[in-house]
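Before any comments, here is the structure.
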Amino acid sequence: MILNKIYIEDVFMFLDKLEDKSVDLAIIDPPYNLKIASWDSFKNDEEFLTFSYAWIDKVLPKIKETGSFYIFNTPFNCALFLAYLRQKKAHFLNFITWVKKDGFANAKKRYNHAQESILFYSMHKKNYTFNADEVRIAYESTERIKHAQSKGILKNNKRWFPNPKGKLCLDVWEITSQRHVEKENGKILKPKHPSIKPKALIERMIKASSNENDLILDLFSGSGMISLVAKSLGRNFIGCETHVEYVHEGLEMFKYNEYKSQHNRYDQNKIKTIIQAIFNEVGGDFLQIRTTDMSKRPSNIIGEEVYAKVVDNICKSEMPQDNLGKKNQVTQDSLRKNLFVDMHRMGLIERYNKNKEPTNPYIQSNIKYISLTPLAIEFLNAQDLLRKNFCYTQALENLLQGFGAECREVMIELENHYLDIEEMMFFVTFLNIENFTRSEIIEYVREYRSLSRIQKEKLKELVQNYCNPNHFNGNKLEKRDYHNWKNQAQQIFSLLEQSVFFETNKERLILKTLNEESKQNDKKLKRSIKEKALYFEKHGVKKEKGFELHHIVPLCLARSIEEFDLLDKWENLIYIDAFNHAKISQTQNKHLCLYFENCDVILSKGLKEEQESLYLTYIENALYKLDLQNVMLEYNKDLLHSKNG
1 MILNKIYIED
11 VFMFLDKLED
21 KSVDLAIIDP
31 PYNLKIASWD
41 SFKNDEEFLT
51 FSYAWIDKVL
61 PKIKETGSFY
71 IFNTPFNCAL
81 FLAYLRQKKA
91 HFLNFITWVK
101 KDGFANAKKR
111 YNHAQESILF
121 YSMHKKNYTF
131 NADEVRIAYE
141 STERIKHAQS
151 KGILKNNKRW
161 FPNPKGKLCL
171 DVWEITSQRH
181 VEKENGKILK
191 PKHPSIKPKA
201 LIERMIKASS
211 NENDLILDLF
221 SGSGMISLVA
231 KSLGRNFIGC
241 ETHVEYVHEG
251 LEMFKYNEYK
261 SQHNRYDQNK
271 IKTIIQAIFN
281 EVGGDFLQIR
291 TTDMSKRPSN
301 IIGEEVYAKV
311 VDNICKSEMP
321 QDNLGKKNQV
331 TQDSLRKNLF
341 VDMHRMGLIE
351 RYNKNKEPTN
361 PYIQSNIKYI
371 SLTPLAIEFL
381 NAQDLLRKNF
391 CYTQALENLL
401 QGFGAECREV
411 MIELENHYLD
421 IEEMMFFVTF
431 LNIENFTRSE
441 IIEYVREYRS
451 LSRIQKEKLK
461 ELVQNYCNPN
471 HFNGNKLEKR
481 DYHNWKNQAQ
491 QIFSLLEQSV
501 FFETNKERLI
511 LKTLNEESKQ
521 NDKKLKRSIK
531 EKALYFEKHG
541 VKKEKGFELH
551 HIVPLCLARS
561 IEEFDLLDKW
571 ENLIYIDAFN
581 HAKISQTQNK
591 HLCLYFENCD
601 VILSKGLKEE
611 QESLYLTYIE
621 NALYKLDLQN
631 VMLEYNKDLL
641 HSKNG
């Protein structure tokens, strides 16, 4: 059989063709009999067990004497598999508990499910692959100090230190499920396959139980996650699946994530977690940072234990995950060498030398202290989600040194106001080169868009072939590598999509405009339910059926916090017929409107009383009290004039 291929056929026919003792590692994610899909539904438990025992009997002869295998399932089913496998020539190693850390708890007659089980077996009692160092877990910084400060004296006066790779992995794994990892525009995606396993989970199994060029068996492939991760780790794979649409979806997902390195992908929640941890310990004062490993200099650590505590508190927080489903690990080295450098450039912290003198964010210096800036404090204390997003947008603008503003200017001129990843790479990045003007770049993008799909693919192929590291010698700055180039463009996309001005759709960056599509996707400019309630309370607004509160001049037009404050006032509020929220039939053919309790902005009692309402040409079915017409129109005229000239 051909390696590195997923066969679309019946599992038993596939196993009959597979060579005996050819597999180094099998990772098997079979049906659970939970009836979540047709392939997971059986008439009764007996039929399910007959099916399961049959594929187990077929799989075991395919695994090498030095091989091993993992089986996913429910705890109950795994208990039954354990009993059956006792009769076979396989050696039990672990009953692994995967804690998924997501989902809704709704059972009231029992404890709620938050785990799945994984059986780990080897074919030989002693001779099998297990790379314990490949799956170690990082120590907390305070643990390292504690070990280093303790006597820890062994024989021959040697001192024991923690393993620099971390502590050994246990048999309880806390990894968020894949559907909460793969998100688009902040939304949880709904893949066709209902039970895709997280990449981090599969990566841990493959690293621990196989070596490069080993053969991984991906039975019941589903979306092909096991095969794709095996490929990315330098292993061979062979798989089997009956539903081709699942495999196609997995390939698209892998293609999308191919260039997604996590370096410099600064998630807003991650940055806020770091700022909060610093603020909790020192407020706005100086924080002394550690410049060497906590365990290598156990003495003379006065003041630096605070820094270790900051690092630990960051790690214990609910940090976002990367595209492999792994929790973003923050260490003292990653803080000092990467995060603090860019947070300085974002204007969120100041860095100081040993004399507490400010340093240049773009010049390498010996840093001994940091402190939070007013922008960081404002970002941390922002009560409104919108204000927080504007603060973070300003930080991103600082980091990118105005490149986001340049992108906005280009996209405003382009049709449909978007940039694809190749358009960003091939053209917009040249805005930093003296001889290219913005108008020239825009024309190049338009010309590129006029090419056929085949022509674009050919151009991309030519650029990939030319941008090969082997083609460059000498100056490192002149080196161009396509993979790194695209990864950098993806990093820029990742940063810009967190701005209030942009959104992304896979490999497309979209400028937020006033069109309906953009409004619907504009999550960063909408309040949460709690924030909306507080906002209504502030303005004395009582919600009634039939109308929704909106701003005449949309908030997305604000370019700064100051402009946002101008837009976010009651004079800029208007009542829009919420037809999609309350059908006429539900209110006996009457539309009731929102009204103010303490500002007397009350409006019409219904659509028929037009003498009390004013219909704007700006949007249909918008109304407000006639005696406040002049105040609101004048206020918004000034706003529109400042926006549109």
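In full-length UniProt numbering, the protein residues as written are 1 to 645.
Each residue gets a CB set at the ideal place from its N, CA and C atoms; glycine is no exception.
Bear in mind that the values here come from a model prediction, so they are computed numbers and not experimental data.
Using a Cβ-Cβ cut-off of 8 Å (strictly less than) and excluding sequence neighbours within five positions of Y7, which residues of its own chain qualify?
-> On the sequence shown, residue 7 is found 7 positions in, with the first residue counted as 1. For Y7, where only same-chain residues beyond five positions count, the Cβ hits under 8 Å are M1, F14, I238, G239, C240, E241.
Y84 (DSSP reduced to helix, strand or coil) = The residue labelled residue 84 in the question sits at position 84 within the sequence shown. In the structure shown, the three-state DSSP call for Y84 is helix.
Do you know how far the Cα of Q394 is from the Cα of E451?
-> Taking the first residue of the sequence shown as position 1, residue 451 is located at position 451. Taking the first residue of the sequence shown as position 1, residue 394 is located at position 394. According to the sequence shown, residue 451 is Leu rather than Glu. In a straight line, the C-alpha of L451 is about 36 Å away from that of Q394.
Whose C-beta lies closer than 8 Å to the C-beta of A132 among residues of the same chain, with five residues either side of it excluded?
-> Working through the sequence shown from its first residue, we reach residue 132 at position 132. Only residues of its own chain outside the window of five on either side were considered, and among them L168, C169, A208 have a CB closer than 8 Å to the CB of A132, listed in chain order.
Could you tell me whether the Cβ atoms of I216 and L93 are closer together than 8 Å?
-> If you number the sequence shown from 1, residue 216 lands on position 216. If you number the sequence shown from 1, residue 93 lands on position 93. In this structure, I216 keeps its C-beta atom at 8 Å or more from the C-beta atom of L93.
Please name the residue in P75, K89, F51 whose C-alpha comes closest to that of F69.
-> Looking up residue 69 in the sequence shown gives position 69. Closest option to F69, Cα to Cα, is K89.
Residues that DSSP places opposite C240 in a beta bridge | Start at 1 with the first residue of the sequence shown, and residue 240 comes out as number 240. According to DSSP, C240 bridges with Y7.
Which one or two residues does DSSP pair with W485 in a beta bridge?
-> Sequence index remark: in the sequence shown, residue 485 carries index 485 (1-based). DSSP output for W485 lists no bridge partner at all.
Quick one: using the 10 Å Cβ neighbour count with 16 as the cut-off for buried, is Q364 buried or exposed?
-> By 1-based counting over the sequence shown, the position of residue 364 is 364. Q364 is classed as exposed because its beta carbon has fewer than 16 other beta carbons within 10 Å across all chains shown.
Please classify K255: is it buried, with 16 or more other beta-carbons within 10 angstroms of its beta-carbon, or exposed?
-> Taking the first residue of the sequence shown as 1, we reach residue 255 at position 255. Here the model assigns K255 a pLDDT of 48, short of 50, so the residue's position is not dependable and the matter cannot be decided.
Ordered list of alpha helix (DSSP H) runs contained in the segment 4 to 67, each at least 4 residues = Scanning the segment 4 to 67 from its first residue to its last, the whole alpha helix (DSSP H) runs of 4-plus residues come out as 11 to 17, 45 to 59.
Cutoff 8 Å; reference K125; Cβ partners in own chain excluding five residues on either side | Here residue 125 corresponds to residue number 125 of the sequence shown, with the count starting at 1. Excluding residues up to 5 positions away in sequence, H91 lie with their Cβ nearer than 8 Å to the Cβ of K125 in the same chain.
May I ask you to report which of helix, strand or coil DSSP gives I71?
-> For the purposes of this step, residue 71 is taken as the residue at position 71 of the sequence shown. I71 falls in the strand class under three-state DSSP.
Would you call L3 buried or exposed, if buried means 16 or more other Cβ atoms sit within 10 Å of its Cβ?
-> If you number the sequence shown from 1, residue 3 lands on position 3. Exposed, since its Cβ has fewer than 16 Cβ neighbours within 10 Å.
Whole angstroms is fine: what's the gap from T437's alpha carbon to Y352's?
-> Locating residue 437 in the sequence shown gives position 437, counting from the first residue. Locating residue 352 in the sequence shown gives position 352, counting from the first residue. Roughly 38 Å between the two C-alpha positions.
Return the first residue and the last residue of the alpha helix (DSSP H) that I510 is part of.
-> Counted from its first residue, the sequence shown places residue 510 at position 510. From DSSP, I510 is part of no alpha helix (DSSP H) but of the beta strand (DSSP E) over 508 to 511.
From L616 to F536, what does the alpha carbon distance come to, in whole angstroms?
-> For the purposes of this step, residue 616 is taken as the residue at position 616 of the sequence shown. For the purposes of this step, residue 536 is taken as the residue at position 536 of the sequence shown. For L616, the predicted model reports a pLDDT of 37, less than 50, meaning its position is unreliable and no value from the coordinates is stated.
Are M411 and L339 closer than 8 Å when you measure CB to CB?
-> Counting from one through the sequence shown, the residue named residue 411 turns up at place 411. Counting from one through the sequence shown, the residue named residue 339 turns up at place 339. No. Outside cutoff.
Which listed residue (D29, N44, D384, I56) has its alpha carbon closest to that of D16 = Here residue 16 corresponds to residue number 16 of the sequence shown, with the count starting at 1. Measuring from the Cα of D16, the nearest candidate turns out to be I56.
Distance, Cα to Cα, D384 vs E423?
-> Here the question's residue 384 lines up with position 384 in the sequence shown. Here the question's residue 423 lines up with position 423 in the sequence shown. Taken atom to atom, the span from the alpha-carbon of D384 to that of E423 is near 35 Å.
Would you mind sorting T50 into buried or exposed? The rule is 16 or more other CB atoms within 10 Å of its CB.
-> Here residue 50 refers to the residue found at position 50 of the sequence shown. Its Cβ having fewer than 16 others within 10 Å, T50 is exposed.
Compare the C-alpha of R336 against each of A376, T359, L348, R290 and name the closest.
-> Translated into the one-based positions of the sequence shown, residue 336 becomes position 336. Selected option, being the one with the closest Cα: R290.
Enumerated in chain order, which unbroken segments of the beta strand (DSSP E) with a length of 3 residues or greater are wholly contained in the segment 316 to 404?
-> Every beta strand (DSSP E) of 3 residues or more that sits fully in the segment 316 to 404 is shown, in chain order, as 349 to 352, 369 to 372.
Is Y362 closer than 8 Å to Q498 when the C-beta atoms are compared?
-> What you label residue 498 is simply residue 498 of the sequence shown in a count that begins at 1. What you label residue 362 is simply residue 362 of the sequence shown in a count that begins at 1. It is not a contact, given that the beta carbons lie outside the stated cut-off.
Could you check what DSSP says for I274 in three-state terms: helix, strand or coil?
-> Along the sequence shown, one-based indexing puts residue 274 at 274. For I274, the secondary structure class from DSSP, reduced to helix, strand or coil, is helix.
Could you say if the segment 266 to 286 and the segment 303 to 314 meet the contact criterion of at least three C-beta pairs nearer than 8 Å?
-> Yes: the two stretches touch, three or more of their Cβ pairs being nearer than 8 Å.
Three-state secondary structure (DSSP) at I216?
-> Within the sequence shown, the letter at position 216 stands for residue 216. Three-state DSSP puts I216 in a strand.
A533 to R387 span [Cα, whole Å] = Reading the sequence shown from its first residue, position 533 is the one you call residue 533. Reading the sequence shown from its first residue, position 387 is the one you call residue 387. Cα-Cα distance, rounded: 16 Å.
Is DSSP giving N94 helix, strand or coil here?
-> Position 94 of the sequence shown holds residue 94. DSSP, read as helix, strand or coil, puts N94 in strand.
Could you please give me the residues that DSSP links to K167 through a beta bridge?
-> Reading the sequence shown from its first residue, position 167 is the one you call residue 167. Per DSSP, I137.
Can you tell which of T129, G222, K272, P374 has its C-alpha closest to the C-alpha of E9?
-> Your numbering for residue 9 matches position 9 in the sequence shown. The shortest Cα separation from E9 among T129, G222, K272, P374 belongs to G222.
To the nearest angstrom, how far is it from the Cα of L18 to the Cα of V445?
-> For the purposes of this step, residue 18 is taken as residue 18 along the sequence shown, with counting starting at 1. For the purposes of this step, residue 445 is taken as residue 445 along the sequence shown, with counting starting at 1. Each residue's Cα considered, the two are about 50 Å apart.
Exposure label - F130; buried when at least 16 CB within 10 Å | Numbered from 1 along the sequence shown, position 130 holds the residue referred to as residue 130. Classification of F130: exposed, given that the 10 Å Cβ count is below 16.
For E116, the first and last residue of its enclosing beta strand (DSSP E) = Here the question's residue 116 lines up with position 116 in the sequence shown. E116 -> beta strand (DSSP E) spans 115 to 122.
Residues that D420 bridges to, as DSSP identifies them = Taking the sequence shown and counting its residues from 1, one reaches residue 420 at position 420. D420 pairs with R508.
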